[in-house]
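*Asks:* Once you've had a glance at the structure underneath, I'll fire off some questions.
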Amino acid sequence: MSTLHLQQLPLPDAEVYFIPHFIPAPESDVYFGRLVQEVNWQQESIKLFGRQLPMPRLTAWYGDKSYTYSGLENKPQPWLPVLQELREKVEQASGQKYNSVLLNLYRTGQDSMGWHADDELELGQQPSIASLSFGGERRFAFKHRTRKDLKPAPLILSHGSLLLMQGPTQHHWLHHVPKTARAVQPRINLTFRYVRG
């Protein structure tokens, strides 16, 4: 692990670390602008209750491997220099290797991500997911899959923050980015992962 101030979140059955100011604000501003311009953003559709519906956010998949989630097979686009730069920073901080990244662009408070876990088979038994945020702050929360005595654990994902989810986290906890009626700035999230096979 990096010598950066890693704050471990007090979640049972999990190994989660958070660095609120992983990348300083002026540098984060530059990265946000580059990602908006350089990434090939798409609006994918998912099948929900028998209907094809547009995802409530824009996405992009870059890296070395294909990846399937929510019934969508993502063919990788080749790494952009800006994504390579960010991958190196995140690998240094986490001590992990990543060969792919899923990017999400939340345009307004109505863009969201439902409760889910990053537990697809191709991520392995105990995946390491590194989540990097740029742009407007958004509320994020964890919810234990089976323990009803544990309340959801909220977290504010700030501009330039890094969230590391490792060990058994994806087996025991779900996470989401809820909609909000508040006026929020657009947010970009990069989730680095290692896809096997």
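Numbering (UniProt numbering), first residue to last: 1 to 197.
Heads up, the beta-carbon is just placed ideally off N, CA and C, and yes, glycines get one too.
#1: So, are the CB atoms of LYS65 and PRO81 less than 8 Å apart?
#2: By the 10 Å Cβ neighbour count, where 16 or more other Cβ atoms means buried, how is ASN189 classified, buried or exposed?
#3: Tell me whether PHE142 sits in a helix, a strand or coil according to DSSP, three-state version.
#4: From what residue to what residue does the alpha helix (DSSP H) around VAL30 run?
#5: In this structure, does DSSP put GLU73 in helix, strand or coil?
#6: According to DSSP, is SER94 part of a helix, a strand, or is it coil?
#7: Drop a sphere of 10 angstroms on the beta-carbon of ILE156, count the other beta-carbons inside from all chains shown, and report buried for 16 or more, exposed for fewer.
#8: Between PRO186 and TYR106, is the Cβ-Cβ spacing less than 8 Å?
#9: Identify every residue that forms a DSSP beta bridge with GLN84.
#10: Which word fits HIS159, buried or exposed, when buried means at least 16 other C-beta atoms lie within 10 angstroms of its C-beta?
#11: Can you tell me where the alpha helix (DSSP H) with HIS159 in it begins and where it stops?
#12: So is PRO152 buried or exposed if we call it buried at 16+ other beta carbons inside 10 Å?
#13: Please return the same chain residues whose Cβ sits closer than 6 Å to the Cβ of ALA117, not counting the five positions on each side in sequence.
#14: Using only the alpha-carbon positions, how far apart do MET1 and GLU137 sit?
#15: Using 8 Å as the threshold, is the C-beta distance between LEU6 and PHE142 below it?
*Replies:* On the basis of the coordinates in this document:
#1: The residue labelled residue 65 in the question sits at position 65 within the sequence shown. The residue labelled residue 81 in the question sits at position 81 within the sequence shown. Against a cut-off of 8 Å, the Cβ pair of PRO81 and LYS65 comes out as no contact.
#2: Translated into the one-based positions of the sequence shown, residue 189 becomes position 189. ASN189 comes out buried.
#3: Taking the sequence shown and counting its residues from 1, the one referred to as residue 142 is at position 142. Strand at PHE142.
#4: Counting from 1 along the sequence shown, the entry for residue 30 is found at position 30. Where VAL30 is concerned, the enclosing alpha helix (DSSP H) stretches over 25 to 38.
#5: For the purposes of this step, residue 73 is taken as the residue at position 73 of the sequence shown. Strand.
#6: Sequence index remark: in the sequence shown, residue 94 carries index 94 (1-based). SER94 falls in the helix class under three-state DSSP.
#7: Stepping through the sequence shown from its first residue, residue 156 is reached at position 156. Flag for ILE156 reads exposed.
#8: Residue numbering aside, residue 186 sits at position 186 when the sequence shown is read from its first letter. Residue numbering aside, residue 106 sits at position 106 when the sequence shown is read from its first letter. Yes. Within cutoff.
#9: As a working note, residue 84 is residue 84 in the sequence shown. The partner list for GLN84 (beta bridge, DSSP) is empty, contrary to what the question assumes.
#10: Indexing the sequence shown from 1 puts residue 159 at position 159. Buried, by the Cβ-count rule.
#11: As a first step, residue 159 is located in the sequence shown; it is residue number 159 there, counting from the start. Per DSSP, HIS159 belongs to no alpha helix (DSSP H) and is neither H nor E.
#12: As a working note, residue 152 is residue 152 in the sequence shown. Classification of PRO152: exposed, given that the 10 Å Cβ count is below 16.
#13: As a first step, residue 117 must be located in the sequence shown, where it is residue number 117. Hits under 6 Å: GLN170 and LEU174.
#14: Position 1 of the sequence shown, counted from the first residue, corresponds to residue 1. Position 137 of the sequence shown, counted from the first residue, corresponds to residue 137. Because the pLDDT of MET1 is 43, which lies under 50, any placement of that residue in the model is unreliable, and the number read from its coordinates should be weighed accordingly. One C-alpha to the other measures close to 25 Å.
#15: Here residue 6 is taken as the residue at index 6 of the sequence shown, counted from 1. Here residue 142 is taken as the residue at index 142 of the sequence shown, counted from 1. No, Cβ-Cβ distance for LEU6 and PHE142 is not below 8 Å.
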